[in-house]
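> The following block contains the structure, expressed as structure tokens.
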Amino acid sequence: MERLDKRLAATGRWSRKEARELIRAGRVMVDGAPCRASEAKVDECSPVLVDGEAIPDHAPVYLMLHKPAGVVSSTEEPGERTVLDLLGEEYRNIGLFPAGRLDKDTEGLLLLTNDGPLAHRLLAPKSHVDKVYYVEVDGALDQDDVLAAREGMTLGDGTVCLPAELELLSSNSAHITLREGKYHQVKRMMASRGKPVAYLKRVRFGPLRLDEGLAKGEWRPLTREERESVFRA
Ligand code: URA
2 MERLDKRLAA TGRWSRKEAR ELIRAGRVMV DGAPCRASEA KVDECSPVLV
52 DGEAIPDHAP VYLMLHKPAG VVSSTEEPGE RTVLDLLGEE YRNIGLFPAG
102 RLDKDTEGLL LLTNDGPLAH RLLAPKSHVD KVYYVEVDGA LDQDDVLAAR
152 EGMTLGDGTV CLPAELELLS SNSAHITLRE GKYHQVKRMM ASRGKPVAYL
202 KRVRFGPLRL DEGLAKGEWR PLTREERESV FRA
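As numbered in the numbering used here, residues 2 to 234 make up the sequence shown, in order.
Structure (structure tokens):
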């Protein structure tokens, strides 16, 4: 048996104080009934819901990975090295999965978590979580590309993209900010401009910035500030 506020705080999602406020506000249900007592003792097996959503069974984990090229963004794929293969043994069987995908040859920031509801919220189209990529192309980028991105590009198959921000860094490199995540989006956008992608790296995902201290293939848990910023996103 464990105090209700402690059980909520153990998820890493709320501080003890925030947990008490949620409980006092009647937003927490235990065994199907609202519970307004922070000190209530809760059985380990009792389902606890916050705003109608079950809190996870195991403490959620949030990792920032610097994905290298050559690994796939799935949890299992025969014949391929997956992002989970890069993690330590203790992280292999706790239900981690990547929140969103990067192509096999794309590098950069990937959030790995076992917090399904959070990943779902971050990836929902209406969340409009910004993703920023560093891109190098074969060819020369110019102001026409910037304007085309800003207007919302139409891809080869007629798909219309939301407006995106292209910030030129050199004649063949840029930062591109997307507010959506269509399949192979950056590559298809650049292809539609006749400037195929030569190199692609995600440097930002919502409020998270790729930690430049992480070498390719390295990962670390999100800091408390990063976790909180992701929950707010
Ligand atoms: N756009 C792409 O084309 N590939 C990625 O991996 C991510 C965004």
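Cβ atoms here follow ideal geometry from the backbone N, Cα and C, with glycine treated the same way.
Treat the numbers as computed from the prediction; the structure is a model and nothing was measured.
Let's see if you can read the secondary structure: which residues bound the beta strand (DSSP E) around Gly109?
Here the question's residue 109 lines up with position 108 in the sequence shown. Its beta strand (DSSP E) spans residues 108-114.
> Out of Gly140, Gly182, Met154, which has the shortest C-alpha to C-alpha gap to Ala175?
On the sequence shown, position 174 is the one that residue 175 refers to. Comparing Cα positions, the closest option is Gly140.
> What does the alpha-carbon distance come out to for the pair Lys7 and Arg17?
Taking the sequence shown and counting its residues from 1, one reaches residue 7 at position 6. Taking the sequence shown and counting its residues from 1, one reaches residue 17 at position 16. C-alpha separation (whole angstroms): 6 Å.
> Does ligand 1 have even one heavy atom less than 8 Å from the beta-carbon of Gln144?
Taking the sequence shown and counting its residues from 1, one reaches residue 144 at position 143. The closest heavy atom of ligand 1 lies 8 Å or more from the beta carbon of Gln144.
> Pick helix, strand or coil for Lys7, following the three-state DSSP scheme.
Numbered from its first residue, the sequence shown carries residue 7 at position 6. Of the three classes helix, strand and coil, the one that applies to Lys7 here is helix, per DSSP.
> When you measure from the CB of Leu124 to every non-hydrogen atom of ligand 1, does any distance come out below 8 Å?
The sequence position of residue 124 within the sequence shown is 123, counting from 1. Checking the Cβ of Leu124 against ligand 1 gives no.
> Comparing the CB of Gly182 with every heavy atom of ligand 1, is any distance shorter than 8 Å?
Position 181 of the sequence shown, counted from the first residue, corresponds to residue 182. Yes - ligand 1 has a heavy atom lying nearer than 8 Å to the Cβ of Gly182.
> What separation, rounded to the nearest whole angstrom, lies between the Cα atoms of Glu81 and Met30?
Residue 81 sits at position 80 when you count from the first residue of the sequence shown. Residue 30 sits at position 29 when you count from the first residue of the sequence shown. Cα to Cα, the separation comes out at about 43 Å.
> Could you tell me the boundaries of the alpha helix (DSSP H) in which Ala141 lies?
Residue mapping note: residue 141 aligns to position 140 of the sequence shown, counting from 1. Element bounds for Ala141: n/a, residue is neither H nor E.
> Would DSSP call Pro222 helix, strand or coil?
Within the sequence shown, numbered from 1, the residue matching residue 222 stands at position 221. Pro222 falls in the strand class under three-state DSSP.
> Within a Cβ cutoff of 8 Å, which residues of the same chain sit near Gly153, ignoring the five residues on either side of it in sequence?
By one-based count along the sequence shown, residue 153 stands at place 152. Here the set comprises Val161, Cys162, Leu163, Pro164, Ala165.
> Who pairs with Lys42 in a beta bridge, going by DSSP?
Along the sequence shown, read from residue 1 onward, the residue named residue 42 stands at position 41. Arg4.
> Considering Leu66, what are the terminal residues of the beta strand (DSSP E) in which it resides?
Taking the sequence shown and counting its residues from 1, one reaches residue 66 at position 65. Element bounds for Leu66: 63-68.
> Between which two residues does the beta strand (DSSP E) harbouring Ala175 extend?
Here the question's residue 175 lines up with position 174 in the sequence shown. Ala175 -> beta strand (DSSP E) spans 174-179.
> Could you spell out the range, first to last residue, of the alpha helix (DSSP H) harbouring Met191?
For the purposes of this step, residue 191 is taken as residue 190 along the sequence shown, with counting starting at 1. Its alpha helix (DSSP H) spans residues 186-193.
> Where do the N-terminal and C-terminal ends of the alpha helix (DSSP H) with Arg25 fall, by residue?
Taking the first residue of the sequence shown as 1, we reach residue 25 at position 24. If you look at Arg25, you'll find it in the alpha helix (DSSP H) that goes 17-25.
> Give me, in chain order, the residues of the same chain whose beta-carbon lies closer than 8 Å to that of Pro197; leave out the 5 immediate sequence neighbours on both sides.
The residue you call residue 197 lines up with position 196 of the sequence shown. These residues qualify, in order along the chain: Val138, Asp139, Gly140, Lys188, Met191.
> Sort Glu90, Glu54, Leu64 by Cα distance to Leu111 and report the nearest one.
Within the sequence shown, residue 111 is the residue found at index 110, counting from 1. Among Glu90, Glu54, Leu64, the Cα nearest to that of Leu111 is on Leu64.
> Bridge partners of Ala165, per DSSP?
For this step, residue 165 is matched to residue 164 along the sequence shown. DSSP lists no partner for Ala165.
> Around the C-beta of Leu148, are 16 or more other C-beta atoms found within 10 angstroms, so that it is buried, or is it exposed?
As a first step, residue 148 must be located in the sequence shown, where it is residue number 147. It counts as exposed.
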